[in-house]
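Student:
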Amino acid sequence: MAIGDLLVDVSGVAKHYGEGETRVDALRAVDLQIHAGEVVAMLGPSGSGKTSLLNIIGCIVDPSAGRLVLDGETVFDGRWLRGNLRQLRLDKIGFIFQAHNLLPFLTAEENVSVVLDLAGWKPAAAQTRARELLDYLEVGHRAGVKPAHLSGGEAQRVAIARALANRPRIILADEPTAALDSVRAQLVMDLLRKLAVEQEACILTVTHDEKIFDRFDRLIHLRDGRLSAE
Amino acid sequence: MNLALKDIRHSLFRFILTCFGLGLLMTVVLAMIGIYNGLVSDALAAVKAPRADLWVVEANTQGPFAEASSLPAATRDAVARLPGIAEAGAITYQTIEAQHGTQTLRLYVIGYERGRPGGPSTVTEGRGLGRSHYELVADRKSGLEVGDTIRLGRNRFTVVGLTEDAMNSGGDPAVFMTLSDAMALQSELDPAAERVRAARGAASPDASNVAAVIARIEPDADVARVAATIRQWKHLGALTQAQQEELLLASVVDRARRQIGLFLGILLTVSAVVIALIIYTMTMEKLKQIATLKLIGAPDRTILGLIVQQALILGTSGWAIGLSLILLVKDNFPRRVVLEPTNALVLAGIIVGVCIVASGLGIRAALKVDPATALGG
Ligand SMILES: Nc1ncnc2c1ncn2[C@@H]1O[C@H](COP(=O)(O)OP(=O)(O)OP(=O)(O)O)[C@@H](O)[C@H]1O
Ligand SMILES: [Mg+2]
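These protein sequence lines map, in sequence, to chains W and V. Going by this note's numbering, the first residue of the first sequence is number 12, and it counts up by one from there. Going by this note's numbering, the first residue of the second sequence is number 315, and it counts up by one from there.
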């Protein structure tokens with residue numbers, strides 16, 4: 012496979028929580044490069060820092076040290092260089108989290124189109140796009156339903172649709188298939204892969220799900236805050 | 315996509331209940347404003363009714379409302395003859411109790427000279443006084459109706475007309491009768507009423523005396539000049555209409571006005587705190603959703619809009635509900651509740667202000683919240 016643009020470039024990133032006796036070193040000098048078109052799985056025991064790394068790449072958590080370059084733009088180098096991180100997230104990053112975090116007062120479809128609305132899409136176009144994604148993920152028939160009435164798997168698929176809606180180039184997923192049966196888990200991974208190719212995006216997924224290991228280009232392991240490739 | 319409205323619709327019942335609660339509070343605030351206004355305008359009703367320019371009273375008194383005043387009835391002729399006076403009329407005021415059916419009415423009896431200033435400003439039902447004896451025009455709030463008869467003193471009077479908004483500063487409804495009937499009534503009051511009057515320290519009225527002479531002046535005359543001329547008579551004093559109104563507000567209703575004014579202030583403060591608390595709580599409950607919005611890239615503008623819009627919708631609905639309720643019930647109050655459009659608008663202004671300040675508290679918390687908190691759990 013031809014190697015695409017370098018979308019994620021993490022170098023020497025460290026993260027510790029707390030100070031003194033309560034200090035926890037979640038990440039120690041992590042280096043990671045992901046290119047467009049790549050689908051990468053991150054593995055590691057609980058507490059090894061997977062979520063921390065993902066959140067740092069997603070510009071949600073401040074790194075303690077290191078450098079972060081996203082899609083050619085240096086966003087962190089000892090400090091945040093980019094003022095408006097939210098605009099950056101809206102434009103470039105799609106999240107799929109452990110907890111689906113859908114907005115309870117919006118329907119499934121609105122939860123997807125709200126991102127497009129924020130990105131300045133016209134309502135009609137946003138609605139069409141949301142419908143397409145939900146249909147593809149086989150939750151189109153639940154489009155008008157609020158999250159409280161969705162099953163765990165349905166909610167997770169809506170959250171995935173939301174993450175993909177604005178065609179981000181960097182897709183970060185924290186155990187996206189944990190709530191899905193194996194058929195749907197494969198379906199979601201296939202969709203993510205298709206997207207990665209079509210939109211020249213990259214995907215970084217935390218997973219424990221052995222049944223989808225074969226869907227990844229690369230597996231990376233986190234252990235004691237350090238990466239080791241495999 | 316309007317997030318504020320979507321969120322409201324999501325928990326519509328609760329939101330309506332909150333609006334309704336706030337609406338009830340606003341009803342009380344508006345009622346208090348109305349009672350305050352009513353008190354002031356009732357107090358002025360008797361002074362304003364004759365549409366006088368000048369009040370001629372007993373020298374060195376602030377009559378006839380703030381203090382008792384007694385003048386010979388003949389003063390009217392003297393006043394009427396003065397240059398600059400267009401018309402003048404003698405007038406008497408007294409409060410009496412009378413039996414009507416099973417009810418005891420407290421009535422404010424105004425005696426005036428037919429065809430001269432001092433009568434009811436408008437007669438809304440029936441007619442004005444037609445004969446010189448034993449007829450009454452009564453304020454509607456007295457409960458009397460056209461055709462009713464009522465015994466006052468030794469004589470039985472017939473109600474021939476009704477008027478509105480005529481009363482004394484205590485809210486007792488007025489009845490108008492001819493000056494001669496009223497003067498006769500003064501001297502006829504039964505001994506018990508006379509004793510009560512004496513015990514209260516009120517001057518015993520001289521049966522041939524009136525309380526004041528009210529005058530309207532020629533269009534080109536100067537009120538102050540005419541008043542000065544009248545004061546040259548040793549036994550007379552003169553007050554302009556403006557002085558009379560000020561006097562009444564300063565002396566008779568001042569304390570009641572301050573009492574209600576202070577209570578209104580407390581009520582407004584309580585409302586402000588309640589509104590602030592509701593909006594703050596509403597925002598706090600949404601912190602996790604606000605964090606999610608930040609996570610998916612919503613700018614502060616979106617989050618601000620969500621909070622401020624909901625606060626304003628809450629405030630204005632509460633205000634509208636309050637206003638509708640008070641307009642619905644205001645005529646059932648025993649005393650007049652007077653609401654001017656400006657009162658409602660000023661209250662709306664205050665509510666909008668409070669809502670914005672209260673949203674400020676919520677917004678501070680919302681803007682501080684870390685998007686990462688949305689990931690917890
Ligand atoms: N906000 C925080 N404050 C303090 N310590 C934290 C915080 N977040 C994570 N940690 C600690 O940092 C370490 C790494 O946490 P992280 O959530 O990245 O692990 P993880 O690999 O995602 O684990 P899991 O597989 O259980 O989700 C853990 O020891 C955790 O206790
Ligand atoms: Mg984790």
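The C-beta atom is built at its ideal place from N, Cα and C for all residues, glycine as well. Source: prediction; values computed, not measured.
(1) Look at the alpha carbon of Thr409(V) and the alpha carbon of Pro648(V), and state the distance between them as a whole number of angstroms.
(2) Consult DSSP for Leu17(W) and reduce its assignment to one of helix, strand or coil.
(3) Hey, Leu476(V) and Glu449(V) are a contact pair by Cβ (cut 8 Å); roughly how many whole angstroms apart?
(4) Would you report the Cα separation of Leu419(V) and Leu339(V), rounded to the nearest angstrom?
(5) Based on Cα-Cα distance, which residue from Gln573(V), Ala586(V), Ala564(V) and Leu637(V) lies nearest to Ile664(V)?
(6) Taking 8 Å as the cut-off, is the C-beta of Gly60(W) nearer than that to any heavy atom in ligand 1?
(7) Output, in chain order, the set of chain V residues within a Cβ distance shorter than 8 Å of Gln138(W).
(8) Which partner residues does Glu84(W) have in the DSSP bridge list?
(9) Could you give the distance in angstroms between the alpha-carbon of Glu30(W) and the alpha-carbon of Arg234(W)?
(10) With three or more beta-carbon pairs closer than 8 Å as the criterion, would you say the region 48-59 of chain W touches the region 68-77 of chain W?
(11) Run through DSSP, which three-state label would Arg365(V) get?
(12) Going by beta carbon distance, what residues of the same chain come within less than 6 Å of Pro179(W), once the five residues before and after it are set aside?
(13) What's the gap between the Cα of Gly691(V) and the Cα of Arg34(W)?
(14) List, in order along the chain, the chain V residues whose C-beta lies closer than 8 Å to that of Asp128(W)?
(15) For Trp91(W), which of helix, strand or coil comes out of DSSP?
(16) Beta-carbon within less than 6 Å of Arg650(V)'s beta-carbon, same chain only, minus the 5 sequence neighbours each way: which residues are those?
(17) Around the C-beta of Val473(V), are 16 or more other C-beta atoms found within 10 angstroms, so that it is buried, or is it exposed?
(18) Please give the ranges of any beta strand (DSSP E) in the region 96-152 of chain W, keeping only runs that are unbroken, at least 3 residues long and fully inside the region.
(19) Does the beta-carbon of Val72(W), which I'm using as the reference point, lie nearer than 8 Å to any heavy atom of ligand 2?
(20) Using 10 angstroms around the beta-carbon of Gln573(V), count the other beta-carbons present and answer buried if the total reaches 16, otherwise exposed.
(21) Return yes when the C-beta of Asp185(W) is under 8 Å from any heavy atom of ligand 2, and no when it is not.
(22) Among Ala176(W), Leu148(W), Gly155(W) and Arg153(W), which one has its Cα closest to the Cα of Gln260(W)?
(23) In the DSSP assignment, what are the bridge partners of Gln210(W)?
(24) In whole angstroms, what separates the C-alpha of Leu561(V) from that of Asp486(V)?
(25) Among residues of its own chain, excluding the 5 on either side of Leu101(W), which ones have a beta-carbon nearer than 8 Å to its beta-carbon?
(26) Okay, do the region 421-433 of chain V and the region 565-572 of chain V touch, 3+ Cβ pairs below 8 Å being the bar?
(27) In chain V, which residues lie less than 8 Å from Pro115(W) when you measure between Cβ atoms?
(28) Buried or exposed, going by whether 16 or more other CB atoms sit within 10 Å of the CB of Gly611(V)?
(29) Among residues of its own chain, excluding the 5 on either side of Lys608(V), which ones have a beta-carbon nearer than 6 Å to its beta-carbon?
(30) Where DSSP assigns a beta bridge to Glu372(V), which residues make up the other side?
(31) Does the pairing of the region 457-469 of chain V with the region 551-559 of chain V give three or more beta-carbon distances under 8 Å?
(32) Between the C-alpha atoms of Leu639(V) and Leu576(V), what's the straight-line distance to the nearest angstrom?
(33) Does the beta-carbon distance from Val393(V) to Val370(V) come in below 9 Å?
(34) Could I get the ranges of all uninterrupted alpha helix (DSSP H) runs contained in the region 145-207 of chain W, with 4 residues as the minimum, in chain order?
(35) What residues from chain V crowd round Val72(W), counting only those whose CB sits closer than 8 Å?
(36) Report the residue from Val622(V), Pro397(V) and Leu358(V) whose alpha carbon sits nearest the alpha carbon of Gly667(V).
Tutor: With the given structure in hand:
(1) 18 Å
(2) strand
(3) Not really, about 13 Å apart at Cβ, beyond 8 Å.
(4) 34 Å
(5) Ala586(V)
(6) yes
(7) The premise fails here: Gln138(W) is roughly 10 Å from chain V at the closest Cβ pair, so nothing lies under 8 Å.
(8) Leu81(W)
(9) 21 Å
(10) no
(11) coil
(12) Lys103, Ile104 and Gly105
(13) Any reading at Gly691(V) must be qualified, since the residue scores a pLDDT of 46, below 50, and its modelled position is unreliable; no value is offered.
(14) Met315
(15) strand
(16) Gly352 and Asp356
(17) buried
(18) 104-107
(19) no
(20) exposed
(21) yes
(22) Chain W is shown from 12 up to 241; residue 260(W) falls before or after that span and cannot be answered.
(23) Answer is none; Gln210(W) lacks a bridge partner.
(24) 20 Å
(25) Val126, Leu129, Ala130 and Asn177
(26) no
(27) His324 and Gln603
(28) buried
(29) Pro685
(30) Leu550(V)
(31) no
(32) 23 Å
(33) yes
(34) 163-176
(35) Ala686
(36) Val622(V)
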